[in-house]
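Heads up: the sequence lines are chains A and B, in that order. Under my numbering, read the first sequence as residues 1 to 377, first letter to last. Under my numbering, read the second sequence as residues 378 to 690, first letter to last. To keep things clear, I will list the structure first and then write my remarks on it.
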Amino acid sequence: MDVLDQLGAVRDGKLSRRAFNRTLFAAGVTMAAMPLIPRRAVASPEDQATYFTWGGFDVPEMFVPYVEKHGELPNFSIYGSTEDALTKLRSGFVADVAHPCSSDIPNWVSTGLFQPIDTSRLSNWPDVFPELYDMPYNQANGQPDGKIWMVPFEWGQSSIIYRTDLFELEGEESWDMMWDARYAGRLGSLATASDAWWVGAIKAGVPFEEIGTDASFDKIAAVLREQRPLIRVYTDDTTSTDNAMASGELVAVLGWNSSALSLQTQGVPVKFAQPKEGALTWVCGPMLHAQAPNLDRAYDIIDSLISAPSGEFILADYGYGAVNRKSFEPFDDAMLASMGLSRDPNTILQAGHFGLPQSLEWNAKIVSEFEAIKSGF
Amino acid sequence: MRELLQSQAPPVADGPVARARTGLISRMLFKHEYLRGYGLLAPALIVTGLTVLVPCALLVTLSFWTQVGYDYDTTLTLQNYRTAYEKPIYGALLERSLWISGIATIVTVLLCYPMAYYVAFHVHRHKMIWIILITLPFWTSYLLRVFAWKVILGYEGVINSGLMHLGLITEPLRFLLYSNTAVSITLAHSWAAFALLPIYVSLEKIDKSYLEAAADLGDGPVLRFLRITLPLSLPGVIASVFLMFIPTLGDYVTPAMVGGPDSTMIGTLIQLQFGSINNWPMGAALSVVLVIVICVLGLCSYGLTKAFRRWAV
Chain A
1 MDVLDQLGAV RDGKLSRRAF NRTLFAAGVT MAAMPLIPRR AVASPEDQAT YFTWGGFDVP
61 EMFVPYVEKH GELPNFSIYG STEDALTKLR SGFVADVAHP CSSDIPNWVS TGLFQPIDTS
121 RLSNWPDVFP ELYDMPYNQA NGQPDGKIWM VPFEWGQSSI IYRTDLFELE GEESWDMMWD
181 ARYAGRLGSL ATASDAWWVG AIKAGVPFEE IGTDASFDKI AAVLREQRPL IRVYTDDTTS
241 TDNAMASGEL VAVLGWNSSA LSLQTQGVPV KFAQPKEGAL TWVCGPMLHA QAPNLDRAYD
301 IIDSLISAPS GEFILADYGY GAVNRKSFEP FDDAMLASMG LSRDPNTILQ AGHFGLPQSL
361 EWNAKIVSEF EAIKSGF
Chain B
378 MRELLQSQAP PVADGPVARA RTGLISRMLF KHEYLRGYGL LAPALIVTGL TVLVPCALLV
438 TLSFWTQVGY DYDTTLTLQN YRTAYEKPIY GALLERSLWI SGIATIVTVL LCYPMAYYVA
498 FHVHRHKMIW IILITLPFWT SYLLRVFAWK VILGYEGVIN SGLMHLGLIT EPLRFLLYSN
558 TAVSITLAHS WAAFALLPIY VSLEKIDKSY LEAAADLGDG PVLRFLRITL PLSLPGVIAS
618 VFLMFIPTLG DYVTPAMVGG PDSTMIGTLI QLQFGSINNW PMGAALSVVL VIVICVLGLC
678 SYGLTKAFRR WAV
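Here's what the structure looks like:
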């Protein structure tokens, strides 16, 4: 009795109980035997290294060399903010490679959960811009000790994304746009202090070197409090703010290069502002876990990320700066400038305000104050 | 002589005592029903003890410590509770949470009561299908249900585009999403089945002959409902109020997704203490405060119900 006969029997209402049971039994055996069916002869997912990263960074285009070598993508685990990620790692989650940003590094290193990266094991390392890793974030004790804790992977800006048709610009692009009372209830901001607090500092005119003083703290808090009644939503879910921008629910949001690019690609008239006070700039990239269970493959993940094709992909599809010199070859200068990028990372990073690491206590103080401000206190 | 007796005593006693002991256990088990009950409960009790009571004890202990960097200062102190009392944000958020989840609870119970009433008294065939249909939203994930409300209430959502299409409004309504209303609506819908089932069960249990007796003695439909149905279904109503109010009070996902800046609830703050603010002892203290508030409210309503019963009888 083949399947069609069975189906016919069901339709005619003639299927006997015994035949029905036999069918169920066959289905059960098939289901149970499913895992035994030979799969592609590659390593099982447990053997792949795990990459703990932001949503959107778990795409195959960033792991072409890795897949060529190991036949499969690495395992992914996703987080929404680096603070949440660190909490999870500290409570015992072991991922071979994690993906924080420059201002997180000293605090992450101080947990003892990470190991310095041996760059001689990365074949693409010579092509990486040295100005992206010779930075204060890689100096755990404030002194250059030659150790690389974070390999840079992408860099960019946090700036204002605004609707050119709905937001009437008064004069130059400036951070004042995010404090524009004409658009009260139509502005959106990021929920984590790691962006918003720094933007507050730029707006308040506090130099980043002085961000760790009590006077600056009060100034920045006052500025953010002033902004709060104008904000419709504080969220890190950029998909929902992108949708809100597309529908016109919001006219300006604090965001990253990728949101601006994806909205432009959809044909929404938006612009990634270059505020006259300077944008907030940052570098993010992979760190290596001290107990990485798959160390060799962890290095392959990092090498894959800094390879030229991965860089080309994030330039073209995400609008973030790449770290590999070769990735910039297919792009012309005008195109890069329109995305708020440059062939020379320094021109962008130094023109803006580069986020500086803060002590753990100060960070906690900032985060709790910002949470209180968001809740209206 | 005494020595002789002592040395002889054990061998004599061994056999019969052992037998008596096993006999004693089974006799005890046979005699006392509660011992049999505890014996059967033992595995569950042990698991519950390990997975609920121990973490609770840890939480309470943690709330008396202080956070220093990534470590704890284990000196016992009331500092966290003092902060919770002194800083206005904690009290205000707690009050707001009580409002939001209180409104959601009342709305849900009021909406669920007629549904449960209908199924209990007016559906006679295929009751199971009705129950399954009512709990159908529960077959999808909680997050999906929250997202569904985002789609319905959104700026270009179902309600707004419907009203625009009908020409009732010219610009989308903004208060629908990212507001306390949105949080209450979402909570009310998401937890509806929890409120509905206890009410249904208590209505279903009501002996229909009471209703007939009330009608025979001259009560109209309204009086009959007030004097028979409502008091007898009250335990179910109270159960559903609790089942709904307690989990929603500490909820943090819903306000994070459909709430605006003004809808932060105490759960959000607790989650942040364990997350980005990285002050676990403070988070523990806030959790303990929340538990105490719930207990006090629970005791109050228990007392009120008792008083009501006495008054009704």
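Glycine is no exception: its CB is placed at the ideal position from the N, C-alpha and C atoms. Small disclaimer: the values here were computed from a predicted structure and weren't measured.
Here's the rule: buried if 16 or more other CB atoms are within 10 angstroms of the residue's CB, otherwise exposed. What is residue i?
i        : result
A:Gln266 : exposed
A:Lys69  : exposed
A:Phe313 : buried
B:Trp688 : exposed
B:Cys433 : exposed
B:Gly680 : exposed
A:Ala41  : Only weak support is given to the placement of A:Ala41: the predicted model assigns it a pLDDT of 49, under 50, and the question is left unresolved by the model.
B:Phe619 : buried
A:Ser262 : buried
B:Ser403 : exposed
B:Leu676 : exposed
B:Trp476 : exposed
B:Phe552 : exposed
A:Met1   : Its pLDDT being 44, under 50, A:Met1 is placed unreliably in this model, and the value from its coordinates should be taken loosely. With fewer than 16 Cβ atoms within 10 Å of its Cβ, A:Met1 is classed as exposed.
B:Met405 : exposed
B:Tyr495 : exposed
Starting from residue i, follow its DSSP beta bridges and name the residues at the other end.
i        : result
A:Gln157 : A:Thr281
A:Lys271 : A:Tyr162
A:Leu288 : A:Val97 and A:Gln115
B:Tyr449 : B:Gln444
B:His503 : According to DSSP, which records beta bridges pairwise, B:His503 is partnered with nothing at all.
A:Phe354 : A:Thr281
A:Met150 : A:Met287
Is the distance from the Cβ of residue i to the Cβ of residue j below 9 Å?
i        : j        : result
A:Gly352 : A:Leu254 : no
A:Met62  : A:Ser304 : yes
A:Phe57  : A:Leu89  : no
A:Leu250 : A:Pro116 : no
A:Ile160 : A:Pro65  : no
A:Leu224 : A:Ile373 : yes
A:Met178 : A:Ala260 : no
A:Ile366 : A:Phe129 : no
B:Tyr555 : B:Val630 : no
B:Ala572 : B:Met621 : yes
B:Arg601 : B:Leu609 : no
A:Val97  : A:Pro74  : yes
B:Leu470 : B:Leu646 : yes
A:Ser120 : A:Val283 : no
A:Trp108 : A:Leu86  : yes
B:Val614 : B:Ile671 : no
A:Tyr137 : A:Trp149 : yes
B:Ser440 : B:Ile643 : no
B:Pro685 : B:Leu580 : Note that residue 685 of chain B corresponds to Phe in the displayed sequence, not to Pro. No.
Would you mind working out which of the options sits nearest residue i, comparing C-alpha positions?
i        : options                                   : result
B:Leu667 : B:Arg604, B:Gln444, B:Thr451 and B:Tyr458 : B:Tyr458
A:Ala364 : B:Phe407, B:Ala570 and B:Gln444           : B:Gln444
A:Glu168 : A:Ala322, A:Val270, A:Ala290 and A:Arg325 : A:Val270
A:Arg343 : A:Val199, A:Ser81, A:Glu226 and A:Val323  : A:Val323
B:Val578 : B:Ala616, B:His566, B:Glu589 and B:Leu603 : B:Ala616
B:Phe515 : B:Ala419, B:Gly652, B:Trp568 and B:Tyr447 : B:Trp568
A:Ile348 : A:Ile105, A:Gln157, A:Cys101 and A:Asn75  : A:Gln157
A:Thr192 : A:Phe370, A:Ser375, A:Phe377 and A:Gly376 : A:Phe370
A:Gly205 : A:Asp84, A:Ser194 and A:Lys219            : A:Lys219
A:Asn124 : A:Ile306, A:Leu315 and A:Ser81            : A:Ile306
A:Tyr183 : A:Ser194, A:Arg228 and A:Lys147           : A:Arg228
Against residue i, what residues of chain D qualify as contacts under a CB-to-CB distance less than 8 Å, listed in chain order?
i        : result
B:Asp628 : In the structure shown, chain D cannot be found, because the protein chains are A and B.
Just curious, the alpha helix (DSSP H) that residue i is in, first and last residue?
i        : result
B:Ala481 : Pro465 to His499
B:Thr645 : Ile643 to Phe651
A:Val253 : Premise fails: A:Val253 lies in the beta strand (DSSP E), Ala252 to Trp256, not in any alpha helix (DSSP H).
A:Leu187 : Per DSSP, A:Leu187 belongs to no alpha helix (DSSP H); it is in the beta strand (DSSP E), Leu187 to Ser189.
A:Ser174 : No alpha helix (DSSP H) contains A:Ser174, which DSSP labels as neither H nor E.
A:Ile105 : Ile105 to Ser110
B:Arg522 : Tyr519 to Leu530
A:Arg232 : That residue, A:Arg232, is in no alpha helix (DSSP H); its beta strand (DSSP E) goes Ile231 to Tyr234.
A:Ala384 : Lying outside 1 to 377, the shown extent of chain A, residue 384 of chain A is not represented and no answer is given.
B:Arg413 : Glu410 to Thr425
A:Leu389 : There is simply no residue 389 of chain A to check, as chain A begins at 1 and stops at 377 in what is shown.
How far does the beta strand (DSSP E) with residue i in it reach, from first residue to last?
i        : result
B:Asn537 : No beta strand (DSSP E) contains B:Asn537, which is instead part of the alpha helix (DSSP H) from Val535 to Leu543.
A:Thr53  : Thr50 to Trp54
A:Ile78  : Asn75 to Tyr79
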